[in-house]
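*Asks:* Can you keep this structure in mind? I'll have questions shortly.
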Amino acid sequence: MDVVSCTNPERRGFVMPRKMLVPSHRKEQTQGQHGPREEKSLYARGRRGRGRRGNGRRRPQRTRGGRSRDAASTPAETAPAPVPAAAQEEAEPEESGRVEIPEVISVRDLAKVLDTTPIEIIKILMSYGTMATINELIDFDTASIVAEELGMEVVQETLVEPEVEAGAEGPKTLRERLMEMEDDPAKLRPRPPVVTVLGHVDHGKTTLLDAIRHTNVVARESGGITQHIAAYQVPVDDRKITFLDTPGHAAFTAMRARGAQATDIAILVVAADDGVMPQTREAIAHVQAARVPIVVALNKIDKDNANPDRVKQQLADLGLQPEDWGGDTPVVPISAKKKINIDELLAHVLLMADEMELKANPEGEAIGTVIEANQDRHLGNVATVLVQRGTLRTGDSVVLGQVWGRVRAMFDDQGQPIEEAPPSTPVLITGLQGVPAAGDIFQ
C-alpha cells in the first residue's frame, strides 16, 4: 500500500497530498515511530495513543538487546512473552492514556504531549473545519476532541500554588518584577493604562471597541500596511488608553498562564437585556485570577427589555458589588450602538488608572509581552508586542520567548511605520527568525 508521508512536519513550506480521503471514524494507524506500517487506513497518519492498538494493548517495544519492535517480523501466532506482575502494575498508569494539559495550549505543545506530529494535529483540526497553524492556541475542549481522535484522554491540569515558607515571598507577576527593576524613582514617568475588553459573545464587545475608536475596525488609513494589529491606542483629551483586542479569552488566559501581566484594567461588557451569561462568568474568573480591577460596561440600555437592576444583582452575586450599591465596582450604563455614555466609561478607566499610579521607566532596553504573532505572506514573521518598560526602537535586537531577531520595521495600529515605542505602546514588529507564542516575554 502506498503511504503518503510529510518529512520534517515543522518545515514552513510542507506540501500536502493532492487528494486525501478522511474517513469519519479514523481509528486505524499506519505511521509509527520507527517508520510506516501497512494497515487498513486510507491515508498515512502519525502514531496515535502512544503506540496503542485499537483494543488498548500496547504494541511490542524494542528490547534492551536491540530486538526490533516491528510486528511484521513476528509471526501472528506467536504468543506474547509473559510480563511480570510488578511490571504490569508499574505500567498501568501509563496504559490509561490520560495526560494533563493546560486550559489553553498551542498546536506544537499539544503534539508533544500527545506524542505525535504537529501536522497530525493540524489534519484533525482541518477535518473539523478549523484552520490552524503550528503556533495556534486552542482551548481545552478542542484539544480534548483531538486527543480522542488519537485514542487518548486528556484532563485539565490543576494549577497548584507552590508552597511558600513563612515570611518568604510568593511568585511575582511581570508587573511586579518590572517595578523591582526601577531602581531610580526619578526616572519613572506616567504611562497610559492597558485595557482588555471581555464579555459574552453578542453582548457588544466589538461594537464597543468600534465606538471607542470612532471608526470601524475594517477601515484603514491610506498608506502603510493592512495587517491587523491586536492592540491600539485611543486618545482621550490629552491622554491615551491602550486597548488589547483579544479574540475571546484564549489569549488573555495564555498570558496569565505564563505569568505575564499585560493588562492593567479589564472592561467587562454585559448586555442589560441578557444579563450574566456563561462566558461572562468565565471572563470574571479569568480577570479575578489575574488580579486585574474591573469596570463593567452595562451595554444595550437603549433596548426596551433592558433591566439594569437585575444585571447588577447578578454581578453582586458573583462578587462584583456595584458602586451605587455600596461596592467598589464601577458599573457604567452605555449603548455602544448609539454611542451613549462612552465618554463616561473612558473617564472611569482613567480615574482608576490615576488611583493605580501607573508609571514606567522609558529609558534602557525594552521589555514587554507578546500579544499575538503569525507569519504574514508579505512581511514574514511578525508579532504584536506591548512595550512595558524602556523604549523599543528600529534596529534593536530582541528575544521573544525562544525566538530572536532584529527589529527591521515597526508599525502602529493604523499600519503606519514608526521608529520607537515607549511604555504602554502596542506595535507590530518584523525581522523575527520565528513565530513566538502569545504571552511570551520579550526583551
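Residues in the sequence shown are numbered from 1088 upward in steps of one, following our numbering.
By construction, the Cβ of each residue, glycine as well, lies at the ideal position given by its N, Cα and C atoms.
Model, not experiment: these values are computed from the prediction.
1. In its own chain, which residues sit with a C-beta less than 6 Å from the C-beta of G1311, not counting the 5 before and 5 after it?
2. Would DSSP call D1404 helix, strand or coil?
3. Can you tell which of V1363, V1522, F1498, V1514 has its C-alpha closest to the C-alpha of G1492?
4. Taking the runs of the beta strand (DSSP E) that are 3 residues or longer, which of them lie wholly in the segment 1418-1494?
5. Among D1351, N1386, V1321, whose alpha-carbon lies nearest the alpha-carbon of G1291?
6. On the DSSP letters alone, give me the boundaries of the beta strand (DSSP E) that K1327 sits inside.
7. Inspect the CB distances between the segment 1473-1482 and the segment 1455-1462 and report whether three or more fall short of 8 Å.
8. Excluding the five sequence neighbours on either side, which residues of its own chain have a C-beta within less than 6 Å of the C-beta of L1479, listed in chain order?
9. So that I know if they touch, is there some Cβ in chain B lying closer than 8 Å to that of I1225?
10. Can you find the residues in the same chain that come closer than 8 Å, C-beta to C-beta, to D1360, ignoring five residues on each side of it along the sequence?
11. I need the DSSP call for V1514, collapsed to helix, strand or coil.
12. Identify the continuous alpha helix (DSSP H) that holds D1194 and give its terminal residues.
13. Where DSSP assigns a beta bridge to V1398, which residues make up the other side?
14. Helix, strand or coil, according to DSSP, for E1235 in the structure here?
15. Please report how far the alpha carbon of E1115 lies from the alpha carbon of N1222, in whole angstroms.
16. Are I1188 and A1219 closer than 8 Å when you measure CB to CB?
17. Which residue comes first and which comes last in the beta strand (DSSP E) that contains L1385?
18. With DSSP run on the structure shown, which of helix, strand or coil describes A1359?
19. For V1200 and G1286, what's the separation of their Cα atoms in angstroms?
20. Quick one: what does DSSP say A1377 is sitting in, helix, strand or coil?
21. With respect to the alpha helix (DSSP H) encompassing I1188, which residues constitute its N-terminal and C-terminal limits?
22. Across which residues does DSSP place M1497 in a beta bridge pair?
23. Just how far apart, CA to CA, sit K1210 and N1428?
24. What residues in its chain sit with their C-beta under 6 Å from that of L1212, if we drop five residues either side in the sequence?
25. So is D1196 buried or exposed if we call it buried at 16+ other beta carbons inside 10 Å?
26. Taking 7 Å as the limit between beta carbons, can you name the residues of its chain near R1278, skipping five residues before and five after?
27. When the Cβ atoms of the segment 1316-1330 are set against those of the segment 1393-1413, are three or more pairs found closer than 8 Å?
28. Where does R1278 fall in DSSP's three states?
29. According to DSSP, is G1526 part of a helix, a strand, or is it coil?
30. Where does E1240 sit, in a helix, a strand or coil, going by DSSP?
31. Measure the C-alpha to C-alpha separation of V1490 and T1517 and round it to an integer number of angstroms.
32. In terms of residues, what are the limits of the alpha helix (DSSP H) holding I1225?
33. Looking at C-alpha atoms only, which residue of E1244, A1198, D1226, L1275 is the closest neighbour of L1237?
34. Run through DSSP, which three-state label would I1221 get?
35. Looking at the ligand GTP, does it come within less than 7 Å of V1194, judged from the CB to the closest heavy atom?
36. How would you label V1357, buried or exposed, when you count the other beta carbons within 10 angstroms and need 16 or more for buried?
*Replies:* Answer, in terms of the structure:
1. Within the sequence shown, residue 1311 is the residue found at index 224, counting from 1. Note that G1311 scores 48 on pLDDT, short of 50, meaning its location in the model is unreliable; the coordinates nonetheless yield the value given after this. Excluding sequence neighbours, G1311 sits near G1502, Q1503.
2. In the sequence shown, the residue the question calls residue 1404 occupies position 317. Helix.
3. Taking the sequence shown and counting its residues from 1, the one referred to as residue 1492 is at position 405. For G1492, the nearest C-alpha among the options comes from V1522.
4. 1418-1420, 1454-1463, 1467-1476, 1484-1487, 1490-1493
5. Along the sequence shown, one-based indexing puts residue 1291 at 204. Taking each of D1351, N1386, V1321 in turn and checking the Cα distance to G1291, the smallest one comes out for N1386.
6. Position 240 of the sequence shown, counted from the start, is the residue given in the question as residue 1327. Per DSSP, the continuous beta strand (DSSP E) segment holding K1327 begins and ends at 1326-1331.
7. yes
8. To locate residue 1479, count along the sequence shown from 1; it is residue 392. Contacts found: A1453, A1508.
9. Of the protein chains in the structure, only one exists, and it is not chain B.
10. Mapped onto the sequence shown, residue 1360 falls at position 273. If we look at D1360 and ignore the five residues flanking it on each side, its Cβ neighbours are K1387, K1390, N1392, A1393, N1394.
11. Residue 1514 sits at position 427 when you count from the first residue of the sequence shown. Strand at V1514.
12. Taking the sequence shown and counting its residues from 1, the one referred to as residue 1194 is at position 107. It is Val, not Asp, that sits at residue 1194 in the sequence shown. Note, V1194: alpha helix (DSSP H), 1194-1200.
13. Residue mapping note: residue 1398 aligns to position 311 of the sequence shown, counting from 1. Paired residues: none, contrary to the question.
14. Along the sequence shown, read from residue 1 onward, the residue named residue 1235 stands at position 148. If DSSP states are grouped into helix, strand and coil, E1235 belongs with the helices.
15. Sequence index remark: in the sequence shown, residue 1115 carries index 28 (1-based). Sequence index remark: in the sequence shown, residue 1222 carries index 135 (1-based). Legend: pLDDT at E1115 = 43, less than 50; position of this residue unreliable, value from coordinates given subsequently. When rounded, the distance between both Cα atoms is 27 Å.
16. Your numbering for residue 1188 matches position 101 in the sequence shown. Your numbering for residue 1219 matches position 132 in the sequence shown. Inclusion of I1188 and A1219 in the CB contact set at 8 Å is not warranted, their separation being larger than that value.
17. Walking along the sequence shown from the start, residue 1385 turns up at place 298. It spans 1381-1386 - the beta strand (DSSP E) in which L1385 sits, taken as one unbroken run.
18. Against the sequence shown, residue 1359 aligns to sequence position 272. Three-state DSSP puts A1359 in coil, outside helix and strand.
19. Position 113 of the sequence shown holds residue 1200. Position 199 of the sequence shown holds residue 1286. Taking the straight line joining both Cα atoms gives about 31 Å.
20. By one-based count along the sequence shown, residue 1377 stands at place 290. Residue state, collapsed to three classes: coil.
21. Along the sequence shown, one-based indexing puts residue 1188 at 101. I1188 -> not in any alpha helix (DSSP H); beta strand (DSSP E) instead, spanning 1185-1188.
22. Reading the sequence shown from its first residue, position 410 is the one you call residue 1497. DSSP lists I1505, I1516 as partners of M1497.
23. One-based indexing of the sequence shown puts residue 1210 at position 123. One-based indexing of the sequence shown puts residue 1428 at position 341. Distance between the alpha carbons of K1210 and N1428 is about 47 Å.
24. If you number the sequence shown from 1, residue 1212 lands on position 125. Cβ within range, chain order: A1219.
25. Taking the first residue of the sequence shown as 1, we reach residue 1196 at position 109. By the 10 Å Cβ count, D1196 comes out buried.
26. Locating residue 1278 in the sequence shown gives position 191, counting from the first residue. In chain order, L1445, K1446, A1447, P1510, S1511 place their CB closer than 7 Å to the CB of R1278, counting only its own chain and leaving out the 5 sequence neighbours on each side.
27. no
28. In the sequence shown, residue 1278 corresponds to position 191, counting from 1. In this structure, R1278 counts as coil in the three-state DSSP scheme.
29. In the sequence shown, the residue the question calls residue 1526 occupies position 439. Coil at G1526, not helix or strand.
30. Residue 1240 sits at position 153 when you count from the first residue of the sequence shown. Strand.
31. Locating residue 1490 in the sequence shown gives position 403, where the first residue counts as 1. Locating residue 1517 in the sequence shown gives position 430, where the first residue counts as 1. The straight-line gap from Cα to Cα measures roughly 12 Å.
32. Within the sequence shown, the letter at position 138 stands for residue 1225. Run containing I1225: none in the alpha helix (DSSP H); it sits in the beta strand (DSSP E), 1224-1226.
33. Along the sequence shown, read from residue 1 onward, the residue named residue 1237 stands at position 150. Measuring from the Cα of L1237, the nearest candidate turns out to be A1198.
34. Along the sequence shown, one-based indexing puts residue 1221 at 134. Coil at I1221, not helix or strand.
35. What this structure holds is no ligand at all, so the ligand GTP is not there to describe.
36. Position 270 of the sequence shown holds residue 1357. Buried, because 16 or more other Cβ atoms sit within 10 Å of the Cβ of V1357.
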